[in-house]
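K.L.:
Residue numbers (my numbering): 188 to 492. The structure under discussion is supplied below as structure tokens; questions concerning it will follow.
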Ligand SMILES: Nc1ncnc2c1ncn2[C@@H]1O[C@H](COP(=O)(O)OP(=O)(O)O)[C@@H](O)[C@H]1O
Ligand SMILES: [Mg+2]
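What follows is the structure, given as structure tokens:
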């Protein structure tokens with residue numbers, strides 16, 4: 188659906204993309220994760236022909252839209268008709284209502300009148316702006332603006348949705364709602380490619396996550412596998428609480444106390460079962476046991492090392 192190979196983009200002295208490869212398959216929800224400045228927006232803008240890379244290939248819907256340093260305008264225009272795009276920094280007309288905003292966008296796509304009204308009403312419903320459809324956008328919260336931008340991106344019923352940091356600045360509830368909308372798009376057979384610099388945004392909703400660091404794709408896998416791989420490298424940190432003190436002297440693990448009957452264990456692999464057995468062998472019981480999840484920042488740091 189979207190394939191990028193060896194993409195290079197240099198802005199004066201900044202090598203924003205340094206031989207980037209990635210592949211988004213039909214029907215996937217693909218999370219494009221990376222720290223600020225990693226090259227996410229540059230990648231997205233390149234796939235839409237809004238930034239001119241110097242090297243590499245870009246394929247959309249099986250058509251080669253960029254190669255040998257130039258775009259094939261005809262192919263690009265045809266591909267873009269099937270893409271919905273939500274930019275990272277978008278402006279809305281503050282003096283228009285959501286209904287009016289979507290009408291302007293629908294007209295720019297030449298959507299016929301009868302279909303237009305139906306489509307706008309469906310979209311406002313989908314993004315939860317039905318009640319607010321006749322209110323001026325100027326007074327909208329960040330979350331409401333993001334939803335309207337998503338509705339805009341969906342106006343042409345695109346096969347591929349490309350969203351640049353769609354959940355940045357939303358509160359946890361807004362994020363959960365946005366994820367739900369993305370899931371619905373997937374159910375409707377759409378492919379979604381969205382970027383974020385926050386791990387929590389790609390969790391639960393993505394089939395595949397690509398991690399970009401300094402213009403290169405470092406990993407492409409499920410979020411579970413990415414975390415597991417990290418844990419394997421960094422070691423498992425397990426926090427354990429018992430009903431009474433445990434003498435860890437004989438265990439041979441790296442254990443440090445965290446409070447009364449609470450300990451931190453760092454091991455090379457997942458030793459939760461062994462911990463249970465050891466605690467039981469001391470006549471004590473495990474009350475809680477947690478594997479400490481690495482934060483995205485920790486993962487990035489490990490990847491950059
Ligand atoms: N128009 C531009 N001119 C010069 N440098 C740019 C421009 N756009 C982006 N950059 C630089 O390219 C790198 C990648 O930026 P960007 O693609 O926006 O990253 P991200 O979206 O992951 O935060 C950064 O170092 C950024 O400063
Ligand atoms: Mg960006």
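Each residue gets a CB set at the ideal place from its N, CA and C atoms; glycine is no exception.
In its own chain, which residues sit with a C-beta less than 7 Å from the C-beta of residue 192, not counting the 5 before and 5 after it?
P.N.:
In the chain shown, counting from the first residue as 1, residue 192 sits at position 5. Closer than 7 Å at the Cβ level, and outside the excluded window around residue 192, lie 208, 243 and 244.
K.L.:
When every heavy atom of ligand 2 is checked, does at least one fall within less than 7 Å of the C-beta of residue 228?
P.N.:
Your numbering for residue 228 matches position 41 in the chain shown. Because some heavy atom of ligand 2 lies under 7 Å away, the Cβ of residue 228 counts as near it: yes.
K.L.:
With a threshold of 8 Å, are at least 3 pairs of Cβ atoms found where one atom belongs to the stretch 373–387 and the other to the stretch 291–308?
P.N.:
In short, these stretches do not touch, since the Cβ pair count stays below three.
K.L.:
If you follow the alpha helix (DSSP H) that residue 308 is part of, which residue opens it and which one closes it?
P.N.:
Working through the chain shown from its first residue, we reach residue 308 at position 121. Looking at the DSSP string, the run of the alpha helix (DSSP H) that includes residue 308 is 300–313.
K.L.:
Report the option in 402, 449, 455 and 470 whose CA atom is closest to the CA atom of residue 229.
P.N.:
Walking along the chain shown from the start, residue 229 turns up at place 42. The shortest C-alpha separation from residue 229 is found at 402.
K.L.:
Could you pull the DSSP bridge partners for residue 270 from this structure?
P.N.:
Position 83 of the chain shown, counted from the start, is the residue given in the question as residue 270. BP columns for residue 270 point to 347.
K.L.:
So, for residue 444: in the same chain, excluding its five sequence neighbours on each side, which residues have a beta-carbon less than 7 Å away from its beta-carbon?
P.N.:
Your numbering for residue 444 matches position 257 in the chain shown. So the list reads 450, once near-sequence residues are dropped.
K.L.:
Would you mind giving the Cβ-Cβ distance between residue 305 and residue 311, rounded to the nearest angstrom? I have them listed as a contact below 8 Å.
P.N.:
The count along the chain shown starts at 1 and reaches residue 305 at position 118. The count along the chain shown starts at 1 and reaches residue 311 at position 124. Contact doesn't hold; Cβ gap of about 11 Å is too wide.
K.L.:
Quick check: is any heavy atom of ligand 1 less than 7 Å from the C-beta of residue 199?
P.N.:
Locating residue 199 in the chain shown gives position 12, where the first residue counts as 1. Answer for residue 199: yes, Cβ within range of ligand 1.
K.L.:
If contacts are defined as beta-carbon pairs under 8 Å, then residue 332 and residue 315 qualify, I think. What distance do you get, rounded to the angstrom?
P.N.:
Reading the chain shown from its first residue, position 145 is the one you call residue 332. Reading the chain shown from its first residue, position 128 is the one you call residue 315. About 13 Å; that fails the 8 Å criterion.
K.L.:
Between which two residues does the beta strand (DSSP E) harbouring residue 330 extend?
P.N.:
As a first step, residue 330 is located in the chain shown; it is residue number 143 there, counting from the start. Counting along the chain, residue 330 falls outside any beta strand (DSSP E), though it belongs to the alpha helix (DSSP H) covering 329–340.
K.L.:
DSSP three-state label for residue 359, please.
P.N.:
Your numbering for residue 359 matches position 172 in the chain shown. In this structure, residue 359 counts as helix in the three-state DSSP scheme.
K.L.:
Can at least three beta-carbon pairs, one atom from the stretch 215–224 and one from the stretch 260–274, be found at a separation below 8 Å?
P.N.:
Short answer: they don't touch.
K.L.:
Please list, in chain order, all residues of the same chain as residue 248 whose beta carbon is under 6 Å from its beta carbon, the five residues on each side excluded.
P.N.:
As a working mapping, residue 248 is identified with position 61 in the chain shown. 266, listed in sequence order.
K.L.:
Using 8 Å as the threshold, is the C-beta distance between residue 241 and residue 289 below it?
P.N.:
Looking up residue 241 in the chain shown gives position 54. Looking up residue 289 in the chain shown gives position 102. It is not a contact, given that the beta carbons lie outside the stated cut-off.
K.L.:
Per DSSP, which one or two residues make a beta bridge with residue 188?
P.N.:
The sequence position of residue 188 within the chain shown is 1, counting from 1. In DSSP, residue 188 forms no bridge with anything.
K.L.:
Checking contacts by CB at 8 Å: is residue 476 closer than that to chain D?
P.N.:
Given the protein chain composition of this structure (a single chain), no chain D is represented.
K.L.:
Should residue 477 be labelled buried (16 or more other beta-carbon atoms within 10 Å of its own) or exposed?
P.N.:
As a position in the chain shown, residue 477 is number 290, starting the count at 1. Its Cβ having fewer than 16 others within 10 Å, residue 477 is exposed.
K.L.:
Where does residue 395 land, buried or exposed, given buried means 16+ other C-beta within 10 angstroms?
P.N.:
Locating residue 395 in the chain shown gives position 208, counting from the first residue. With 16 or more other Cβ atoms within 10 Å, it is buried.
K.L.:
From residue 343 to residue 256, what distance separates their C-alpha atoms?
P.N.:
For the purposes of this step, residue 343 is taken as the residue at position 156 of the chain shown. For the purposes of this step, residue 256 is taken as the residue at position 69 of the chain shown. Near 29 Å, if we compare the C-alpha coordinates of residue 256 and residue 343.
K.L.:
Can you tell me which of 424, 348 and 390 puts its alpha carbon nearest to the alpha carbon of residue 412?
P.N.:
For the purposes of this step, residue 412 is identified with residue 225 of the chain shown, where counting begins at 1. Taking only the C-alpha atoms, the option nearest residue 412 is 390.
K.L.:
Taking only heavy atoms of ligand 4 into account, decide whether any of them is closer than 7 Å to the Cβ of residue 277.
P.N.:
Looking for ligand 4 in the displayed structure turns up nothing; the ligands present are ligand 1 and ligand 2.
K.L.:
What whole-angstrom Cβ distance do residue 422 and residue 453 have, given they're in contact under 8 Å?
P.N.:
Against the chain shown, residue 422 aligns to sequence position 235. Against the chain shown, residue 453 aligns to sequence position 266. About 5 Å; that satisfies the 8 Å criterion.
K.L.:
Taking its Cβ as the centre, do 16 or more other Cβ atoms sit within 10 Å of residue 293, making it buried, or is it exposed?
P.N.:
Along the chain shown, read from residue 1 onward, the residue named residue 293 stands at position 106. It is buried - the Cβ of residue 293 has at least 16 other Cβ atoms within 10 Å.
K.L.:
Taking the straight line between their C-alpha atoms, what separation do you get for residue 361 and residue 190?
P.N.:
Position 174 of the chain shown holds residue 361. Position 3 of the chain shown holds residue 190. Near 30 Å, if we compare the C-alpha coordinates of residue 190 and residue 361.
K.L.:
Kindly list the residues whose CB is nearer than 7 Å to the CB of residue 325, restricted to its own chain and excluding five residues on each side of it in sequence; keep chain order.
P.N.:
Sequence index remark: in the chain shown, residue 325 carries index 138 (1-based). The residues are 281 and 282.
K.L.:
Just to check my reading of the structure: residue 550 and residue 474 have Cβ atoms closer than 8 Å, yes? What is that Cβ distance to the nearest angstrom?
P.N.:
In the structure displayed, the chain extends from 188 to 492; residue 550 sits before or after that span and is not available.
K.L.:
Assuming residue 250 is part of the beta strand (DSSP E), what are its boundary residues?
P.N.:
Along the chain shown, one-based indexing puts residue 250 at 63. Where residue 250 is concerned, the enclosing beta strand (DSSP E) stretches over 250–254.
K.L.:
Pick out the complete beta strand (DSSP E) segments inside the stretch 385–421, 3 residues or longer, and give them in chain order.
P.N.:
You should have 395–400 and 403–408.
K.L.:
Do residue 320 and residue 284 come within 8 Å of each other at the CB atom, strictly closer than that value?
P.N.:
Within the chain shown, residue 284 is the residue found at index 97, counting from 1. Within the chain shown, residue 320 is the residue found at index 133, counting from 1. Cβ atoms of residue 284 and residue 320: closer than 8 Å.
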